[in-house]
DNA sequence: CGTATGCAGGCATACGATTGCGTGAGGTTG
DNA sequence: CAACCTCACGCAATCGTATGCCTGCATACG
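Chains as they are written, first to last, in the numbering used here: chain U, 66 to 416; chain S, 66 to 416.
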């Protein structure tokens with residue numbers, strides 16, 4: 066028998082009901098509720114006698130009262146919710162991050178609202194409007210299109226705390242967490258060249274996205290460092306999905322001189338590459354090596370194991386949420402913080 | 066330049082501001098807003114002159130006004146949010162479902178709040194309390210511990226619409242979506258026996274959960290149907306995680322006479338089984354066959370492909386969300402509906 | 001004994017939107 | 001021309017909570 070079914074099995078129980086039951090004013094109940102909260106030593110928290118506190122608390126329990134957060138939000142401008150905007154929960158890379166964020170939020174007794182943008186600009190825009198309509202205390206963004214100034218406008222307008230994942234944002238207001246993926250890409254490609262002796266390395270990117278551009282730069286630099294040519298057919302593009310990896314790989318393997326290695330901008334596309342390679346009876350890594358980015362769990366279990374540049378989504382989620390709750394808690398710093406979570410090359414059998 | 070940054074770059078814009086700007090009463094603005102909504106032909110919607118409507122709409126645009134949903138919730142008891150309680154987003158099976166739910170919700174212009182329970186009873190309880198504090202219009206549950214009566218209590222208390230995934234719930238109030246996984250298990254095990262000639266089949270279950278029990282029943286029935294013995298060491302248990310699959314497989318392979326096939330209660334555990342088998346240089350399916358449940362995408366890409374009983378999470382998500390929004394929309398039916406989404410055996414190389 | 005001080009708690013308002021009811025202007029009808 | 005109706009809109013209460021301000025009482029102090 067849960068307490069819920071005992072008493073107030075019908076209708077809502079409000080503070081007024083509790084007040085009547087305990088023979089005090091509604092405001093007193095409110096004060097009892099906010100006792101432990103250390104809201105402020107200030108004005109709202111007046112002294113309440115032990116006796117009254119107990120009476121009220123008992124009434125609360127007897128009636129099964131729970132504060133209504135909608136009302137609380139309206140009054141106090143605190144919603145006990147944060148919103149997370151990510152590209153796609155289905156991407157394992159993100160849902161590890163989201164999972165961690167949710168856990169941190171839970172510790173703070175916050176709820177989490179999740180929006181998928183599918184990398185679409187209009188959805189990112191819609192998300193921003195959503196935040197204006199529905200106030201939340203904090204926002205975690207993984208923006209692909211949203212600019213610093215748009216985010217800043219949102220912050221000014223709503224006063225919401227914002228933390229973002231993304232190296233490309235430069236703003237004095239927005240804390241960011243980032244992996245230096247450009248450099249990591251450069252290092253990984255260099256490794257392919259030096260340690261594995263590849264010269265014909267293709268790049269599978271995602272144009273029009275900040276990470277895609279950074280990684281492409283890293284790739285080009287590494288090739289340039291090694292004085293290697295980059296035929297333009299070697300620079301292909303996808304959309305982060307497995308299917309787009311398959312398509313791109315098909316193109317590459319159809320070339321007169323196909324690459325001996327492919328650097329894919331994320332693991333999903335890399336998995337797609339390997340799937341396509343298998344279909345065509347090309348052996349990985351003997352015929353073509355594949356390297357990914359993210360280190361999703363499937364890469365470990367895949368046969369052959371996927372060499373990849375690991376990002377640490379758990380740590381990123383934790384940092385994002387941590388920074389956000391510091392801001393929500395009122396932290397002020399002169400200029401925004403930038404948290405660097407390094408990447409790491411993980412060598413498995415696919416290279 | 067987004068419209069946002071143009072004007073109201075500071076402070077909130079309320080209906081009163083719009084009203085002042087358009088030289089009408091605040092209530093008029095509200096009525097203009099609710100024009101397209103067909104809320105009711107009733108009282109709130111009074112006739113408004115074309116002229117005024119236009120003036121108001123212009124003011125809204127000029128000031129960049131967005132209605133505050135917190136206020137709206139408080140007044141109207143409509144929150145434009147649904148909550149989803151699932152075991153764990155990290156489980157690919159669930160996040161496909163969640164993803165679909167989010168899409169449907171978006172079409173209805175609803176936001177989605179997600180809670181992970183990690184299969185823990187206390188978290189399910191906490192979720193229920195959360196719904197009492199923070200009113201939402203609808204709830205989608207994947208309950209492992211919550212009983213019908215507890216859910217009904219929640220519904221009575223908050224008036225929230227509820228739809229659940231789970232065959233074991235029998236209530237006149239709760240619409241349910243379910244896969245008949247018990248029968249599907251029985252059929253799959255029977256298939257293992259008849260078509261593949263296995264006699265020593267182990268079962269990797271998850272006790273104390275409704276699906277776990279149903280599937281165990283299905284397994285036992287199939288074995289019984291075929292007059293096969295079930296040594297008690299063949300009935301092992303895990304917790305739906307890959308690691309627990311590895312552990313269970315380790316135990317099974319340590320037996321004096323290990324099984325020739327393992328039926329795992331979900332794909333994650335099945336993948337764990339195969340991982341452990343590989344570590345021990347046992348070949349799948351030659352030395353030991355493995356069959357899973359759910360048909361997660363990794364099963365396709367795994368080598369060897371995982372034979373599994375497919376569930377269709379997209380369809381389930383769609384049905385769940387569909388039914389929920391019908392209820393939110395005011396649908397009343399004499400007794401709760403039950404939607405059956407059938408399972409299907411998908412044969413790959415692991416058997 | 002009269003006034004200052006502190007504690008406990010009540011009163012009333014605000015948060016932003018919805019909605020029942022009232023009202024004045026203009027038009028219609030007997 | 002009076003009675004009445006309709007249209008278009010304003011007024012004010014309300015949802016449940018938080019909080020500034022005020023009051024009543026008791027104790028302390030000069």
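Quick reminder that beta carbons are idealized off the backbone N, C-alpha and C, glycines included. Please read these numbers as outputs of a predicted model, since none were measured by experiment.
Item to check | alpha helix (DSSP H) runs contained entirely in the region 217-261 of chain U, provided each spans 4 or more residues | outcome: 246-261
Checklist entry - Would you say residue 235 of chain S faces chain U, with C-beta separation under 8 Å as the test? => result False, the Cβ-Cβ gap to chain U never drops below 8 Å.
Checklist entry - How would you label residue 157 of chain S, buried or exposed, when you count the other beta carbons within 10 angstroms and need 16 or more for buried? => result Around the beta carbon of residue 157 of chain S, a 10 Å sphere encloses 16 or more other beta carbons of the protein chains shown; the residue is thus reported as buried.
Checklist entry - Would you report the Cα separation of residue 100 of chain S and residue 315 of chain U, rounded to the nearest angstrom? => result 53 Å
Checklist entry - According to the Cβ coordinates, are residue 339 of chain U and residue 355 of chain U closer than 8 Å? => result yes
Checklist entry - With DSSP run on the structure shown, which of helix, strand or coil describes residue 178 of chain S? => result Correct three-state label for residue 178 of chain S: strand.
Next on the checklist: Tell me the DSSP secondary structure of residue 275 of chain U in three-state form.
Outcome noted: helix
Item to check | Bridge partner(s) assigned by DSSP for residue 293 of chain S | outcome: Looking at the DSSP assignment, residue 293 of chain S forms no beta bridge with any residue, so it has no partner.
Item to check | Local conformation of residue 395 of chain S per DSSP, three classes | outcome: coil
Checklist entry - From U:206, U:197, U:326 and U:397, pick the residue whose C-alpha is nearest to that of residue 258 of chain U; which is it? => result U:326
Item to check | Cβ-based burial, residue 414 of chain U [other Cβ within 10 Å; buried from 16] | outcome: exposed
Checklist entry - What separation, rounded to the nearest whole angstrom, lies between the Cα atoms of residue 104 of chain U and residue 303 of chain S? => result Confidence at residue 104 of chain U is low in this model, with a pLDDT of 49, below 50, so the placement of that residue should be treated as unreliable; the coordinate-derived value is given next. Straight-line Cα distance between these residues: approximately 44 Å.
Checklist entry - Would residue 69 of chain S be called buried (16 or more neighbouring beta carbons within 10 Å of its own) or exposed? => result At residue 69 of chain S, the pLDDT of 38 sits below 50, so the modelled position is not reliable; the number obtained from the coordinates is stated separately. Answer is buried; the Cβ neighbour count reaches 16.
Next on the checklist: If you reduce the DSSP assignment to three classes, tell me which class residue 269 of chain U lands in.
Outcome noted: Here residue 269 of chain U sits in strand by DSSP.
Next on the checklist: Contact criterion: CB-CB distance below 8 Å. Does residue 176 of chain S meet it with respect to chain U?
Outcome noted: yes
Checklist entry - For residue 304 of chain U, does the three-state DSSP call read helix, strand or coil? => result coil
Checklist entry - Given that a residue counts as buried once 16 or more other Cβ atoms are within 10 Å of its Cβ, and exposed if not, what is residue 396 of chain S? => result exposed
Item to check | C-beta neighbour in chain U for residue 410 of chain S, strict 8 Å | outcome: no
Item to check | Segment contact flag, the region 231-240 of chain S with the region 272-281 of chain S, C-beta cutoff 8 Å, min 3 pairs | outcome: yes
Item to check | Segments assigned beta strand (DSSP E), at least 3 residues, entirely inside the region 306-335 of chain S | outcome: 326-329
Next on the checklist: Quick check: the Cα distance between residue 295 of chain S and residue 408 of chain S, rounded to an integer number of angstroms?
Outcome noted: When rounded, the distance between both Cα atoms is 25 Å.
Checklist entry - Which parts of the region 117-176 of chain U are runs of the alpha helix (DSSP H), unbroken and 4 residues or longer, counting only runs that do not cross its ends? => result The qualifying runs are 134-141 and 157-172.
Next on the checklist: Under 8 Å: do the region 353-368 of chain S and the region 362-381 of chain U share three or more Cβ pairs, one atom per stretch?
Outcome noted: yes
Checklist entry - Going by beta carbon distance, what residues of the same chain come within less than 6 Å of residue 87 of chain U, once the five residues before and after it are set aside? => result 120, 121 and 124
Item to check | Secondary structure of residue 79 of chain S, DSSP reduced to three states | outcome: coil
Item to check | Beta-ladder partner(s) of residue 409 of chain S, from DSSP | outcome: S:375
Checklist entry - Does any residue of chain S bring its CB to less than 8 Å from the CB of residue 367 of chain U? => result yes
Next on the checklist: Could you check whether residue 142 of chain S and residue 200 of chain S sit closer than 8 Å to each other, using their CB atoms as the reference points?
Outcome noted: Yes, these two residues count as a Cβ contact at 8 Å.
Next on the checklist: Does residue 322 of chain S pass the burial test, meaning 16 or more other C-beta atoms within 10 Å, or should it be called exposed?
Outcome noted: With fewer than 16 other Cβ atoms within 10 Å, it is exposed.
Next on the checklist: Under DSSP, the beta strand (DSSP E) around residue 206 of chain U begins and ends at which residues?
Outcome noted: 203-206
Checklist entry - Can you check whether the CB of residue 320 of chain U is closer than 8 Å to the CB of residue 298 of chain U? => result yes
Checklist entry - What residues of chain U sit near residue 154 of chain S, judged by a beta carbon separation below 8 Å? => result At a C-beta separation below 8 Å, residue 154 of chain S has these neighbours in chain U: 154, 160, 163, 164 and 167.
Item to check | Inter-residue Cα distance where the pair is residue 358 of chain S and residue 94 of chain S | outcome: 54 Å
Next on the checklist: DSSP has residue 357 of chain S in a bridge; who is on the other side?
Outcome noted: Note: residue 357 of chain S sits in a beta bridge opposite S:373.
Next on the checklist: At the 8 Å Cβ level, is residue 134 of chain U part of the contact set with chain S, yes or no?
Outcome noted: yes
Next on the checklist: Taking its Cβ as the centre, do 16 or more other Cβ atoms sit within 10 Å of residue 281 of chain S, making it buried, or is it exposed?
Outcome noted: buried
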